[in-house]
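Peer 1:
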Amino acid sequence: MKRVVITGMGVVSSLGNDLNTFWDNIKNGRSGARPISRFNAEKFKTQFAAQMPDDFSVLQYLDRNEIKRNDLYTQYALIAADQAIKESGFDIAGMSPYDVGVIFGSAQGGMQTFEEQVEEYAAKGEPHFNPFFIPKTLVNMAAGLISIKYGLMGVNFTTVTACASANSAMMDALNYIRWGKAKIIITGGADAPITPASMGGYNALKALSTRNSDPQAASRPFDVERDGFMMGEGAGVLVLEEYEHAVQRGATIYAEVAGAAMTGDAYHITATHPEGKGAIKAMELALQDAGLNHHEVDYLNAHATSTPVGDISEAKAIYAAFGDSKRLSVSATKSMTGHLLGAAGAIEAIISVKAVMNGVVPPTINTRQLDPQIPEGLNIITGQAQEKPVDVALSNTFGFGGHNAVVVFKKV
């Protein structure tokens with residue numbers, strides 16, 4: 003079976019729009035939380051998010067036509083993809099374009115465009131829709147635009163498994179390269195969900211933290227006082243490449259994508275299984291796919307969104323899968339980045355790969371007192387980053403509908 007490695011990465015987030023800045027903020031435990039300024043949120047139960055800084059402008063990265071024709075989520079995807087492709091340094095002109103594909107994830111697609119156009123129609127009563135309305139809202143458009151911009155004519159599609167979308171995309175990319183269907187695949191995820199309808203909808207689900215007085219301390223995974231997640235936005239992109247192809251062209255290899263797996267909870271439309279049955283099996287199958295056992299895993303980036311039910315379910319699942327492992331360190335980086343929905347797995351994959359590269363386990367911030375329901379023996383890293391060798395890292399993502407997607411990364 004062909005080996006698959008990572009040769010490029012790119013990120014757009016509230017904590018930085020280049021890998022070095024992003025990683026520096028993550029390892030030093032900084033929060034991307036800030037008051038929402040994109041719309042007037044004063045009547046909303048949640049008035050903050052891990053939003054891009056106010057001085058961030060897509061005009062720094064894209065031309066006006068790209069901005070005009072694309073929803074914000076696609077703009078984020080294009081910016082992160084450009085970083086990753088440049089980092090990877092592959093020469094599309096020297097390859098068959100059919101050997102390079104795009105498999106991308108998103109949970110909500112062009113939510114902002116949809117809201118704006120419907121609001122305009124409701125206000126004016128005239129159906130004068132923008133000619134770009136439909137393509138801007140399509141959830142597959144980020145994958146399509148990345149392929150169009152760079153002339154990538156290989157496999158091209160989008161995975162939609164809610165908050166597991168990016169990990170689902172990475173699993174498909176891994177397998178397409180393993181099967182010899184591509185030499186390189188651009189993968190990851192993007193979402194731009196800081197909009198009135200999205201924030202209002204998650205408030206209605208009672209999923210978001212309402213700690214408006216202290217946004218930077220709002221997301222507190224596994225903590226006894228957690229009250230919901232912090233919304234985030236952005237994109238993460240990884241260049242996956244067949245190992246021998248990467249070696250032959252002298253590419254820098256960051257880590258190997260050693261295995262992946264997906265399962266379904268078959269339990270509830272929004273809640274994870276209380277005992278984490280699907281999550282346990284997904285972790286076990288991912289390690290089996292990687293040819294590893296649970297004693298070989300050094301770091302686990304937990305899905306842990308800071309919701310009352312979900313965090314306990316995952317903690318139980320991790321303990322069931324790994325037992326009282328002295329080697330395993332666990333952290334929940336959504337405490338810093340917020341929850342980027344369909345992009346979450348992508349930026350958490352980047353964090354996991356950086357942990358492997360640098361021998362640093364990032365912290366879970368804001369977690370002061372662990373919930374007593376969390377199994378004893380689960381080594382959750384809080385406060386400060388932990389320096390230790392990380393040869394194998396595992397990243398969990400779970401999505402509404404009961405989707406569980408797990409990816410395993412390994413030092414090369």
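The opening position of the sequence shown corresponds to residue 3 in this note's numbering, with each subsequent residue numbered one higher. Cβ atoms here follow ideal geometry from the backbone N, Cα and C, with glycine treated the same way.
1) Would the segment 358 to 370 and the segment 28 to 38 be scored as touching if the rule is three or more Cβ pairs under 8 Å?
2) Closest to Asn303 by CA distance: which of Ala194, Thr189, Phe41, Ala348 is it?
3) Specify the secondary structure class of Arg228 as computed by DSSP and reduced to three states.
4) Counting Cβ pairs closer than 8 Å, one from the segment 310 to 330 and one from the segment 349 to 363, do we hit at least three?
5) Taking a contact to mean a Cβ-Cβ separation below 7 Å, would you say Thr160 touches Asn142 in this structure?
6) Have a look at His297 and Ala317 and give me their C-alpha separation to the nearest angstrom.
7) By the three-class DSSP mapping on this structure, what secondary structure does Val7 have?
8) What separation, rounded to the nearest whole angstrom, lies between the Cα atoms of Ser98 and Gly156?
9) Please give me, in chain order, every unbroken run of the alpha helix (DSSP H) with length at least 4 that falls completely inside the segment 102 to 129.
10) Comparing C-alpha positions only, which one of Ala334, Asp20, Ser167, Phe50 sits nearest to Asn381?
11) Taking Phe402 and Ser308 to be in contact with their CB atoms under 8 Å, please state how far apart those CB atoms are, rounded to whole angstroms.
12) With distances taken from CA atoms, which of Gly112, Thr9, Tyr123, Asn158 is nearest Glu89?
13) Hey, quick one: how far does the alpha helix (DSSP H) through Ala87 stretch, first residue to last?
14) Leaving out the 5 sequence neighbours to the left and right, which residues in its chain are closer than 6 Å to Asn398 when beta-carbon positions are compared?
15) For Pro217, count neighbouring C-beta atoms within 10 Å of its own C-beta (all shown protein chains included) and say buried if the count is 16 or more, exposed if not.
16) Following the continuous beta strand (DSSP E) through His405, name the residue where it begins and the one where it ends.
17) Compute the Euclidean distance between the alpha carbons of Phe46 and Val13, then round it to the nearest angstrom.
18) Straight-line CA distance for Met233 to Ala184?
19) On the three-state DSSP scale, how would you describe Asp291?
20) Could you tell me the distance, in whole angstroms, from the CA atom of Asn360 to the CA atom of Asn19?
21) Using three-state DSSP, classify Ile186 as helix, strand or coil.
22) With distances taken between CB atoms, is the gap from Glu258 to Val414 smaller than 7 Å?
23) If you drop the 5 nearest sequence neighbours on each side, which residues of the same chain put their C-beta closer than 7 Å to that of Gly91?
24) With distances taken from CA atoms, which of Met173, Asn406, Met172 is nearest His275?
25) Tell me the start and end of each unbroken alpha helix (DSSP H) in the segment 329 to 400 that is at least 4 residues and wholly inside, in chain order.
26) Between Met3, Ser15, Leu21, which lies nearest to Tyr256 when the distance is taken from Cα to Cα?
27) Using CA coordinates, which residue listed in Phe400, Pro310, Lys412 is at the minimum distance from Leu372?
28) When the Cα atoms are used, what is the spatial distance from Ala144 to Phe106?
29) In whole angstroms, what separates the C-alpha of Glu117 from that of Ala199?
30) Helix, strand or coil for Glu68 per DSSP?
31) Express the C-alpha separation of Ile69 and Leu147 in angstroms, rounding to a whole number.
32) For Phe24, is the classification buried or exposed, using 16 other Cβ atoms within 10 angstroms of its Cβ as the cut-off for buried?
33) Apply the 10 Å Cβ neighbour rule to Pro223 and answer buried if 16 or more other Cβ atoms are within range, or exposed otherwise.
34) Is the beta carbon of Ala322 less than 7 Å from the beta carbon of Ile282?
Peer 2: Once the coordinates are examined:
1) yes
2) Ala348
3) coil
4) no
5) yes
6) 17 Å
7) strand
8) 9 Å
9) 113 to 126
10) Ala334
11) Not quite, the Cβ-Cβ distance comes to about 16 Å (not below 8 Å), so this is no contact.
12) Thr9
13) The amino acid at residue 87 is misidentified as Ala; the sequence shows Ile. Taken as a continuous stretch (DSSP letters only), the alpha helix (DSSP H) holding Ile87 covers 74 to 90.
14) Ala304, His305, Val408
15) buried
16) 405 to 412
17) 29 Å
18) 34 Å
19) helix
20) 19 Å
21) strand
22) yes
23) Ala253
24) Asn406
25) 336 to 339, 346 to 360
26) Leu21
27) Pro310
28) 7 Å
29) 7 Å
30) helix
31) 12 Å
32) buried
33) buried
34) yes
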